[in-house]
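Enquirer: In our numbering, the protein residues as written are 43 to 216.
Note that beta-carbon positions come from the ideal geometry of N, C-alpha and C, so glycine has one too.
This structure is in structure tokens; I'll ask about it shortly.
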Amino acid sequence: MPNVRVGLIGAGNISDTHARAVAAVPGASVVAVYGPTRARAERLAASVGAQAHDRLDAFLAQGGMDMVIVGTPSGLHGEHGAAAARAGLHVLVEKPLEITTARADRLIAAAAGAGVTLGVIFQDRLKPSVERLKTLVESRAIGTPILGSARVKWYRPPSYYGESRWRGTQTLDG
């Protein structure tokens, strides 16, 4: 398996999870971390032996990356993902892709124009209940579905929104 060199755009809570996930993949490593707060970028970078940056342009200019994982506030996914795509990097974006359809379309167009792969993280697809539903649908054990609807109501205590200033804001969280 070839080595995959990953850059992390974002040095907040979810980026710790991505750093651990990359470290668990044979042949993959985090080589660079960008975060607008230098101390956070340095902390995460030090934990994985990567280079830290507090400027996105310097991060992208570093080179030596094959792909990036974007784990910044939702309303910045398009801006950060498009910049990485224009730099020739494959882009994996934390959900949601963006906070509006128009902004998501611009990110998709940037990736297509750069000829790089764009993906969106949706970790729930690997949950046993979701995999079971997929098996039932594919085997037609429940007939041929013509319409589906699901609603997930997650409770978020006030402390969730206090952990990051962008959460719950129209500008960055939609």
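So is residue 117 buried or exposed if we call it buried at 16+ other beta carbons inside 10 Å?
Expert: Your numbering for residue 117 matches position 75 in the sequence shown. Answer is buried; the Cβ neighbour count reaches 16.
Enquirer: Helix, strand or coil for residue 89 per DSSP?
Expert: For the purposes of this step, residue 89 is taken as the residue at position 47 of the sequence shown. It is helical.
Enquirer: List the DSSP bridge partners of residue 94.
Expert: Reading the sequence shown from its first residue, position 52 is the one you call residue 94. DSSP output for residue 94 lists 75 as bridge partner(s).
Enquirer: Do the segment 84-98 and the segment 54-74 meet, that is, are 3 or more Cβ pairs less than 8 angstroms apart?
Expert: With a cut-off of 8 angstroms, the segment 54-74 and the segment 84-98 count as touching, because enough Cβ pairs lie within range.
Enquirer: Taking all protein chains shown into account, decide if residue 111 is buried (16 or more other Cβ within 10 angstroms of its Cβ) or exposed.
Expert: Translated into the one-based positions of the sequence shown, residue 111 becomes position 69. By the 10 Å Cβ count, residue 111 comes out buried.
Enquirer: Taking Cβ positions, are residue 157 and residue 135 nearer each other than 9 angstroms?
Expert: Along the sequence shown, one-based indexing puts residue 157 at 115. Along the sequence shown, one-based indexing puts residue 135 at 93. No. Outside cutoff.
Enquirer: Whose C-beta lies closer than 6 angstroms to the C-beta of residue 127 among residues of the same chain, with five residues either side of it excluded?
Expert: Position 85 of the sequence shown, counted from the first residue, corresponds to residue 127. So the qualifying residues of the chain are 133, 152, 153, 156, 158.
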